[in-house]
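For reference, the structure is listed below as structure tokens.
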Amino acid sequence: MKTSENSANDRQAKELLITHLFEAPRELVFAAWTNPAHLRHWYAPDGCTIEFRSIDVRERGAFHSCIHDPVHGACWIKGVYLEVSAPEKLVYTMVLTNENGDSVESMEAGKPEDWPEEILTTVTFTAVGNHTKLTLHQTVAEENARQTGAYQSWIKMLNKLDAMLATAS
Numbered sequence: 001m002k003t004s005e006n007s008a009n010d011r012q013a014k015e016l017l018i019t020h021l022f023e024a025p026r027e028l029v030f031a032a033w034t035n036p037a038h039l040r041h042w043y044a045p046d047g048c049t050i051e052f053r054s055i056d057v058r059e060r061g062a063f064h065s066c067i068h069d070p071v072h073g074a075c076w077i078k079g080v081y082l083e084v085s086a087p088e089k090l091v092y093t094m095v096l097t098n099e100n101g102d103s104v105e106s107m108e109a110g111k112p113e114d115w116p117e118e119i120l121t122t123v124t125f126t127a128v129g130n131h132t133k134l135t136l137h138q139t140v141a142e143e144n145a146r147q148t149g150a151y152q153s154w155i156k157m158l159n160k161l162d163a164m165l166a167t168a169s
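If you use the working numbering, the sequence shown corresponds to residues 1 to 169, in order.
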């Protein structure tokens, strides 16, 4: 429905914060983030596809995925779920990798030299009546996220999720 950004000056230099309001109950939105069958439909920007080599959405569970972009190529990522609190919160790490799951340098993956080796992603789901306010927080500089297209990709993916949830309701 609506996406907005909140960037306090100190935090903005090192962090990314995005909010989005979904016209769907938070249980449904949370399920879309934790069910691999749902993730395959929205967890890649328009024109791209997502491939999960592995995904185990539970605390200490891991994932290894790739967003295939016809223009920019493949972006492999692995991570670990640190917290899975249904339907309120997800916390997971993200590390740039190759196809085999080996960590790679940021510049090798097309990111700036100062891109974090590991990004902590926290997603909270707040009920607002029959709607859900999603807050996505990442430990990556907003400027870097915008320059690399990561910020724009999140916006596109959240909009895809919005459309998917609208047809499910």
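C-beta: ideal position from N, C-alpha, C; glycine also.
Taking every protein chain shown into account, the CB of Thr-167 has fewer than 16 other CB atoms within 10 angstroms, so this residue is exposed. The distance from the Cβ of Val-91 to that of Thr-126 is about 15 Å, inconsistent with a contact at the 8 Å cut-off. Contact annotation: Trp-42 and Leu-134 have beta-carbon atoms that are not nearer than 8 Å. Glu-83 sits in a strand when the DSSP states are folded into three classes.
In terms of Cα proximity to Tyr-151, the closest of Lys-111, Ser-65 and Leu-165 is Lys-111. Under DSSP, Thr-122 takes part in a beta bridge, and its partners are Val-91 and His-137.
The residue from Val-71, Ala-74, Arg-53 and Val-57 with its alpha-carbon nearest to that of Ser-65 is Arg-53. Secondary structure of Arg-53 (DSSP, three-state): strand.
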